[in-house]
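Numbering (this note's numbering), first residue to last: 93 to 161. For every residue, glycine included, the Cβ atom is placed at its ideal position computed from N, Cα and C. Structure first, commentary second.
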């Protein structure tokens, strides 16, 4: 998910996506523990997506306009 796409979302949509990604991360970690995970890099990608979403959410809370690009 690109940062510009995230900035176009509302706070509620961002929170919903964070919850969905946290559930996915839980399932990925469970699969990894059971040695059933096909792509372990997916865990890293999901963590980065969660971080991006949280960053934009905090920007919106503080009223920052970080649309640099």
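Rounded to the nearest angstrom, the gap between the Cα atoms of residue 97 and residue 152 is 14 Å. Distance from the Cα of residue 93 is smallest, within the candidate group 139, 132, 154, for 139. Shown here, residue 156 sits in coil according to DSSP, grouped into three states, outside any helix or strand. If you ignore the 5 residues before and after residue 129, its C-beta comes within less than 6 Å of the C-beta of 123, all in its own chain and listed in chain order. As the crow flies, the alpha-carbon of residue 121 is around 10 Å from that of residue 114.
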